[in-house]
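Protein chains: 4
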Amino acid sequence: MALPFRRESEETDRLLALSDGVIAIAITLLVLEITVPEVPAGTPPSVVAGLVFEQWHEYLGYMLSFLVIGLYWMLHRRIFVHIEVHDRGIVWLNLLFLLLVAFVPYGTSVFSTYPNRFGVSFIAAVLALTGFSLAALWIYAARKQLIEEGIASRAVGIQAARFLASPIVFASSIAVASVNPVWAMLTWVFLIPINGALNSRLAERLEDESNV
Amino acid sequence: MALPFRRESEETDRLLALSDGVIAIAITLLVLEITVPEVPAGTPPSVVAGLVFEQWHEYLGYMLSFLVIGLYWMLHRRIFVHIEVHDRGIVWLNLLFLLLVAFVPYGTSVFSTYPNRFGVSFIAAVLALTGFSLAALWIYAARKQLIEEGIASRAVGIQAARFLASPIVFASSIAVASVNPVWAMLTWVFLIPINGALNSRLAERLEDESNV
Amino acid sequence: MALPFRRESEETDRLLALSDGVIAIAITLLVLEITVPEVPAGTPPSVVAGLVFEQWHEYLGYMLSFLVIGLYWMLHRRIFVHIEVHDRGIVWLNLLFLLLVAFVPYGTSVFSTYPNRFGVSFIAAVLALTGFSLAALWIYAARKQLIEEGIASRAVGIQAARFLASPIVFASSIAVASVNPVWAMLTWVFLIPINGALNSRLAERLEDESNV
Amino acid sequence: MALPFRRESEETDRLLALSDGVIAIAITLLVLEITVPEVPAGTPPSVVAGLVFEQWHEYLGYMLSFLVIGLYWMLHRRIFVHIEVHDRGIVWLNLLFLLLVAFVPYGTSVFSTYPNRFGVSFIAAVLALTGFSLAALWIYAARKQLIEEGIASRAVGIQAARFLASPIVFASSIAVASVNPVWAMLTWVFLIPINGALNSRLAERLEDESNV
Chain A
53 MALPFRRESE
63 ETDRLLALSD
73 GVIAIAITLL
83 VLEITVPEVP
93 AGTPPSVVAG
103 LVFEQWHEYL
113 GYMLSFLVIG
123 LYWMLHRRIF
133 VHIEVHDRGI
143 VWLNLLFLLL
153 VAFVPYGTSV
163 FSTYPNRFGV
173 SFIAAVLALT
183 GFSLAALWIY
193 AARKQLIEEG
203 IASRAVGIQA
213 ARFLASPIVF
223 ASSIAVASVN
233 PVWAMLTWVF
243 LIPINGALNS
253 RLAERLEDES
263 NV
Chain B
53 MALPFRRESE
63 ETDRLLALSD
73 GVIAIAITLL
83 VLEITVPEVP
93 AGTPPSVVAG
103 LVFEQWHEYL
113 GYMLSFLVIG
123 LYWMLHRRIF
133 VHIEVHDRGI
143 VWLNLLFLLL
153 VAFVPYGTSV
163 FSTYPNRFGV
173 SFIAAVLALT
183 GFSLAALWIY
193 AARKQLIEEG
203 IASRAVGIQA
213 ARFLASPIVF
223 ASSIAVASVN
233 PVWAMLTWVF
243 LIPINGALNS
253 RLAERLEDES
263 NV
Chain C
53 MALPFRRESE
63 ETDRLLALSD
73 GVIAIAITLL
83 VLEITVPEVP
93 AGTPPSVVAG
103 LVFEQWHEYL
113 GYMLSFLVIG
123 LYWMLHRRIF
133 VHIEVHDRGI
143 VWLNLLFLLL
153 VAFVPYGTSV
163 FSTYPNRFGV
173 SFIAAVLALT
183 GFSLAALWIY
193 AARKQLIEEG
203 IASRAVGIQA
213 ARFLASPIVF
223 ASSIAVASVN
233 PVWAMLTWVF
243 LIPINGALNS
253 RLAERLEDES
263 NV
Chain D
53 MALPFRRESE
63 ETDRLLALSD
73 GVIAIAITLL
83 VLEITVPEVP
93 AGTPPSVVAG
103 LVFEQWHEYL
113 GYMLSFLVIG
123 LYWMLHRRIF
133 VHIEVHDRGI
143 VWLNLLFLLL
153 VAFVPYGTSV
163 FSTYPNRFGV
173 SFIAAVLALT
183 GFSLAALWIY
193 AARKQLIEEG
203 IASRAVGIQA
213 ARFLASPIVF
223 ASSIAVASVN
233 PVWAMLTWVF
243 LIPINGALNS
253 RLAERLEDES
263 NV
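Chains as they are written, first to last, in this note's numbering: chain A, 53 to 264; chain B, 53 to 264; chain C, 53 to 264; chain D, 53 to 264.
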């Protein structure tokens, strides 16, 4: 007795519902890590501006983690648009990815508390591991041929590069942080052109075949 | 190979699932900012009432932020009812909107801690930016013609006014707060008749054409 | 141009998604209000049991609020199973209901901190208001004839009683609390037989007509 | 008048939406229990490593609770894939399960604060109760014949074993903890081979009949 289609797709729906739930909560909890500045009554505006400026690393941590999780969510969406069936391996690798996503607010909190070599390396390590777990999910699905035929074979190099680029940048920044934590933070800026370039190249390659 | 319809709509579903998730969490986290009043055992009821009254700004902040996010959620719904396809621009602008929505509990917390010129300006700025990012999403979708034909062209002025009205009120209240923070809070009351009037006028305009 | 069915039902989906999200978060946040007991190393088990027993009101508050929100969620489900179209009134009344649901963790926290006349009255008032806002949603929908014909007219008395019973019990317990807070808490036990009886009577009445 | 199919499935959708919501929030809130280590500026890396190592029980608690809730979520998915109709009993038992799931972050917090006999027994008791409530849900559904015919009768022993195995391991570890808390934690490792073996045997049994 084969299960009716509705049921199988319902299971995928719940996998995505749990994933979207954890991701939505993780990015929203990030804000709890930002502390309200201590501004005594009657503080002149220029001093308040100074106090807020001193918290730059908390705002940076919030935006960094929010946008990186947002990027991973988009890649996650990409995987599951193409997955046709899923087995226990997918479910457990997805759970590992969520475990790391849910850990990001803690990593961000460590970075906000210690915006030095230790904190920079810590958040970079957490974001690198999260990205690698997502890449593992993609590679597993591609190897096990759980994804649409055609997608896996086409543009393989670029697809892999898209999943690996961000975690590699974060892993590299740990090495840079051992020299200078500020330089390490600056390497994160490379994420924008790298992801942009990979997306454009992937789009070009796929364009004549389908409108992904 | 064109993607089957189910997949494209599934992607929109996940965008809305993430958005609804972040919005639901942000409005529910607001309550964590309200502190439990310190009421020693045996305090007479009249004194308790006084202590609760002293916290008026925390309750006001909760209700303000809850209702304004609720209003933005309704406008967000409006946009996505009409969007037919979405590209990366939509996804990133939506993420920016969510980043600002998730920041509202922090803004509310600043207002609750400093119910003076600083706090009033801060929450007004956060709510204004959030509203402007949503307006940007609508304008982008309209410009790129990603929304249903007809909707964008019809009643353009009122549609734009609906998206811009609330953030403009908040932006204006920052100027008022530099004179008097209480007056600034009173300007927020204008949000009710303004949104009501714009909705009625939009409904009239669209009524004979469709029941949006 | 009438909107296609898919869109209208999509809008209802988002209303329910936001509602389920807020309700799920509110009941899960309740646990954050329970404090971890201070148990010095080497405390004998009997003393630990005593310390945990001293926190009875925190566990009681958690279970009470969780189950009452659960009950309200079931009634909310009942309303929206029968609603065929929804207007702005439904959306705003629903938002008011969610605002009060999201306030329950705060009310529970007040009760946990002050398990006396003040706290008992406070949580009872919050739960009563939440229930009355849900009853208002039902009454509005029934008056505006937004619900399936037949359902509203059939068994009107019992339907209204189901929505009003729980908030009336909580409102009454505020009066009892002014005499004795423990008796007030005991009146909450009546919720179980009252809801059970109303459900059975409603089921009987509807049974021969449909299997709601 | 029988309810149309869409409505009944919508109700199940909301039950699953609430369940997935509570589960997603509970596993994401776990991270809030991990404290940021106190690392004075200029602490040498070896000392930092030592400080992080001292927090091993917080990381262990996070991973344990995350993975066990993940496992229960998978079993929950299994139940609802097979449930064809649901009555009030299902709804209340599901709510009891969610009440216990939402309690897990508190249990984890107790374990993180007291990684001794008391804390080990406490988290084991919470996870055992949560698992038993899920087993009760399955047994109730099977008894009331709310699940697909065939599934309940086939492989009954293995199905029951799958639901009961994990809570029994946790219940047993409470007894072990009274002798030695470290041994108790080691018994939790048995969860991996036990669940793996039961899954394989179940898959074998069902394979020739359907691809669950």
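Using N, Cα and C, we set each Cβ at its ideal position, and we do this for glycine too.
- For Phe242 (chain D), there are no neighbours in chain C by C-beta distance under 8 Å, as the nearest C-beta there is about 26 Å away.
- Counting of Cβ neighbours within 10 angstroms places Gly122 (chain C) among the buried residues, the total reaching 16 or more.
- Taking 8 Å as the cut-off, the Cβ atoms of Ile79 (chain D) and Phe105 (chain D) do not count as close.
- Contact between Ala176 (chain A) and Ile226 (chain A) holds, with the beta-carbon distance rounding to 5 Å and staying under 8 Å.
- The DSSP-derived three-state label of Ile135 (chain A) is strand.
- Chain-order list of chain A residues neighbouring Leu68 (chain D): Arg66, by C-beta distance under 7 Å.
- Rounded to the nearest angstrom, the gap between the Cα atoms of Arg66 (chain D) and Leu68 (chain A) is 15 Å.
- Remark: C-beta atoms of Tyr114 (chain B) and Thr160 (chain B) approach each other more closely than 8 Å.
- Remark: fewer than three beta-carbon pairs, one from each stretch, lie closer than 8 Å, so the region 183–190 of chain A and the region 228–247 of chain A are not flagged as touching.
- Across the region 145–157 of chain D, no CB contact with chain A closer than 8 Å is found for any residue.
- In the displayed model, Thr87 (chain D) falls within coil according to three-state DSSP, outside both helix and strand.
- Within 7 Å of the CB of Thr165 (chain C), the CB atoms of chain B belong to Val88, in sequence order along the chain.
- Cβ proximity to chain A below 7 Å picks out Trp125, Met126, Arg129, Val133 from the region 124–144 of chain D.
- Within the same chain, Cβ atoms closer than 7 Å to the Cβ of Val83 (chain B) are found at Tyr114, the five residues on either side in sequence being excluded.
- Against Ile77 (chain D), the close residues of chain C are Ala76, Ile77, Thr80, in the order they occur along the chain (beta-carbon pairs closer than 7 Å).
- Taken in chain order, the whole alpha helix (DSSP H) runs of length 4 or more contained in the region 163–231 of chain B are 169–195, 208–231.
- A residue is called buried once 16 or more other Cβ atoms fall within 10 Å of its Cβ, and Ser71 (chain C) is buried on that count.
- At a cut-off of 8 Å between beta-carbon atoms, Val162 (chain B) makes contact with chain A.
- Within the region 212–238 of chain A, not one residue has a Cβ closer than 9 Å to any Cβ of chain B.
- In the DSSP assignment, Val234 (chain C) falls within the alpha helix (DSSP H) that extends over 233–239.
- In the structure shown, Gly113 (chain A) adopts helical secondary structure according to DSSP, grouped into three states.
- Close partners of Phe170 (chain B) in chain A (Cβ separation under 9 Å): Val91, Thr95, Pro97, Val100.
- Listed along the chain, the chain C residues whose CB falls inside 7 Å of the CB of Gly73 (chain B) are Gly73.
- Interface flag for Phe118 (chain A) against chain B is set, since a Cβ pair is found closer than 8 Å.
- Sequence-distant Cβ neighbours of Arg214 (chain C) in its own chain, meaning closer than 6 Å and more than five residues away, are Leu250.
- Using a C-beta cut-off of 8 Å, the region 226–240 of chain A makes no contact with the region 134–151 of chain A, since fewer than three inter-stretch Cβ pairs fall below that distance.
- Within chain D, no C-beta atom comes less than 8 Å from the C-beta of Gly113 (chain C); the nearest is roughly 13 Å away.
- Against chain C, the CB of Gly159 (chain B) has no partner CB under 8 Å away; the residue lies outside that interface.
- Between the C-alpha atoms of Trp240 (chain C) and Leu147 (chain D) there is a straight-line separation of about 19 Å.
- The alpha-carbon separation between Tyr166 (chain D) and Val172 (chain D) amounts to approximately 8 Å.
- Here the C-alpha atom of Val178 (chain C) lies approximately 44 Å from the C-alpha atom of Val228 (chain D).
- The three-state reading of DSSP puts Pro96 (chain B) in coil, since its state is none of H, G, I, E or B.
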